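Protein chains in written order, with the working numbering: chain A, 1 to 322; chain B, 1001 to 1327.
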C-alpha cells in the first residue's frame, strides 16, 4: 500500500542575520532540519519526539508549508506539497491541517467560536447558510462542546476547551491528515487525558492520520503507532512503537527513555542521566551529531555521519554501533 | 519541631468588589531536610501558597486574609518588609519556573549572584566573587570563572535554571521553595536539575518545597506530598503511600490519567469536566461535581482531612474514604 504522506530529504536551513555589521563573510546558517525522510499511512499516528531545538516543529510546519522547505519532497495524495503553487496549495490544505500548542494564540480573540469554526468552510466555498451553521454545530458537538458555546469568545473558555475549538476548526474540511504540534503539552494532566482520548476517537471515526509532535514520551507512546526520534535536525531512529520502546537502538533514544519521569517512587535512582547539553544547530558537531554526549562514542563517530539504515523490519537507526 | 508551619492559611484575590480565595484554610508543615511536594493543576492554589509564604503576593490585589506562617520560630506574616527581606535569600530561597524572566537581562549572572550575597552578608566584592564562582561550580556549571561574566541570554534554559538555583542557595537558606523548576525544561535536562536539587539538599542540609503539576517529579524526589484542588488540600501522605494507595478520588484520577510507558494503548481515564471557577465554588467538597463517588452529602459541609490509611500522616478530605479504599 502506498503511504498517505511520503517525506523525502526534507531540509530547512535558516540564514540568520550577521550578529555584527562589521563581520565579513556569509551570514550564519542554522541547520534546523537536515534531510529528514519518513512516511505516514492513512489512519496512522506517527509520533515525532525530540528535545527543544531538534527541529520537530519545523518539520510539522513545513508539511503544511507554514515554513518553506529549503529542499526535499513532501508527497501527499499524488502531489509534491513542497512545489505546489500557492493556489493549488490552498486547495490541498483541505486535506492537511495543523493544531498548535497554545490554543489561545491560535484563536482570533474577536471572533466567536462559530465564526472561528466556520471560517475554513467559507474560505473553501461554503456559503454562510443554514447547512453550514448546522455543520458547525455538528463539529462542536463532535469535539465535546455544547451548542450554546457557539456564540462565545475564546477568552471565555479554559485551555482544554480552547484546544477543542482548534480541533473542531481543523476538522471542518474533513482532512485526511492533521499535524498536532505539542497539541496537549500545555494542558493540565486531567484535561490532557480528555484531549488525547478525543484525538483517538476522531481518528477511529474519520480514519485520520496524525503527525503527533511532542516531547513527552509517555503521551507519544500512548497515542502513536510508530515513533520517530529527532536530534539536532536529524532523524536518528524510527520504528514501530513496540519495537522502539522495547528495544531502542540509538543511544539518544535510550537516553531519552531513561529520562522519562518515573511513575512510582520505588523506581528511584535507576536511571542514567544524560550529561551535557544540546549543541547549537548553528555549529552542529561533525560526524554523528550526538557524539558529544554519547556514552558509546567511537573515533568513527566524530568523522563520519551515520546513515539511517534498517536494522530490523520497519526499524531504522542512524548509528555506527549497528 | 518543624522548620516551617503553615496554619489555616487563606489568601484572597480582589475580583471587582468581591474577594475570591485562591488558597482556603490550608495547614501543613515541613521538617528540616525534608522534601515536600505540593501538587496540583492550574488554579489549585499551589503557587499562591508558595508566594504567600515568601511574602511575594502580587500587590495590590492579593493578601493573606487569615492564618499564620511560622518559619524557624518567627511568624513571617507579622514581619515588616525589611525583616522579610532578611528572610528571603538568607532563610528561604526561591526558584521560579521561568529562569529567563526571573533573571535580569542586563546584568551578568555573576553580578546578580554577588549582589544577592552582598545584600545579606558583609563581604568584599572580591570575596563575594569567590563565593559566587564556588556556587556556580556547585550547581554544575563548567568553567564558572569564564561563565561568571555571561549574560542570561547566552545560557541555555537548563543553565539558567542552574544559575537561579545558585542565586537562591548563595546564602545557604534553610528552606528552598522551587516553583515548577523543571517544567520549562527538556526531559534529559529535567532529570539533571532534579538530581542537582537532591544532591544540594544532602550537601547543604536544607529543606525543599517543590511546587509541581507533574506526578513524575513527585515520584522522583519528594519525601511527602500535598495534593491541592481548588484552593484546598485534598490529600497528604508520604510519597510511597500516595502512589501505592491514593485515597482521594482526585488523587486517584490524577494518577490514572497519566499515560505511562508500561501500559498498552487503551483509553486514558480522564477526569471528566473542568476545575471550578474560584468565583463560584461548589458548596461542600469542591471536587464533587467531577467525582464518580459523589453523593448528596458531598454538597454539605466541606469534608475535613481525616486519616486515610493505617500509614502515619496519611490524610484525605473525603466522606467516602472507607468505601473507596475497599473498592
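For each residue, glycine too, the CB sits at the ideal point set by N, CA and C. Because the structure is a prediction, the values reported are computed rather than measured.
Residue 56 of chain A does not reach chain B, its nearest Cβ partner there being about 12 angstroms away, counting only Cβ pairs nearer than 9 angstroms.
Fewer than three beta-carbon pairs drawn from the segment 261 to 281 of chain A and the segment 69 to 86 of chain A are found closer than 8 angstroms, and the two stretches are therefore not classed as touching.
Restricting attention to alpha helix (DSSP H) runs no shorter than 4 residues, the segment 1225 to 1270 of chain B encloses them at 1239 to 1244 and 1249 to 1257, ordered along the chain. Nearest in C-alpha terms to residue 15 of chain A, of all of A/282, A/8 and A/317, is A/282.
Inter-residue distance for residue 235 of chain A and residue 105 of chain A is about 29 angstroms (C-alpha atoms, whole angstroms). Considering only beta carbons, no part of the segment 1052 to 1068 of chain B lies closer than 8 angstroms to chain A. Under DSSP, the beta-bridge partners assigned to residue 1094 of chain B are B/1177. In summary, residue 1134 of chain B is exposed, with fewer than 16 beta-carbon neighbours lying within 10 Å of its beta-carbon over all protein chains present. Each residue's CA atom was taken as its position, placing residue 3 of chain A and residue 237 of chain A some 19 angstroms apart. The C-alpha of residue 1186 of chain B lies about 28 angstroms from the C-alpha of residue 299 of chain A.
Short of 8 angstroms from the beta carbon of residue 1304 of chain B, and not among the five residues preceding or following it, lie these beta carbons of its own chain, in chain order: 1317. Under the Cβ criterion of 9 angstroms, residue 1262 of chain B is counted among the residues facing chain A. Of all alpha-carbon atoms in B/1226, B/1050, B/1232 and B/1231, the one lying nearest the alpha-carbon of residue 1241 of chain B is that of B/1226.
In the structure shown, residue 252 of chain A falls within a helical segment according to DSSP collapsed to helix, strand and coil. At least 9 angstroms separates the CB of residue 1306 of chain B from every CB of chain A. Residue nearest to residue 1252 of chain B within the set B/1287, B/1138 and B/1143 is B/1287 (criterion: CA-CA distance). Listed in chain order, the beta strand (DSSP E) runs fully inside the segment 268 to 314 of chain A are 309 to 312, counting runs of at least 3 residues. Annotation: residue 1047 of chain B to residue 188 of chain A spans about 15 angstroms, alpha carbon to alpha carbon.
For residue 1104 of chain B, same chain residues with a beta-carbon under 7 angstroms away, outside a window of 5 residues either side, are 1112 in chain order. Burial of residue 1231 of chain B is indicated by the presence of at least 16 other C-beta atoms within 10 angstroms of its C-beta. Note that the C-beta distance between residue 227 of chain A and residue 10 of chain A is not below 9 angstroms. As computed with DSSP, residue 10 of chain A is found in a beta bridge with A/36. Only those residues of the segment 1166 to 1188 of chain B whose C-beta falls short of 7 angstroms from the nearest C-beta of chain A are listed: 1186, 1187 and 1188.
Linking residue 1069 of chain B to residue 1077 of chain B through their CA atoms gives a straight-line distance of about 6 angstroms.
Of B/1274, B/1247 and B/1221, the smallest CA-CA separation from residue 1233 of chain B is found for B/1247.
A straight-line Cα-Cα distance of about 16 angstroms links residue 194 of chain A and residue 146 of chain A.
For residue 44 of chain A, the nearest beta carbon of chain B is not closer than 9 angstroms to its own beta carbon. Taking 9 angstroms as the CB threshold, residue 51 of chain A lines the interface with chain B. Bridge pairing for residue 97 of chain A: A/178 [DSSP].
Burial check for residue 218 of chain A: the Cβ neighbour count within 10 Å reaches 16 or more, so the residue is buried. Here residue 78 of chain A is exposed: its Cβ has fewer than 16 other Cβ atoms, across all protein chains shown, within 10 Å.
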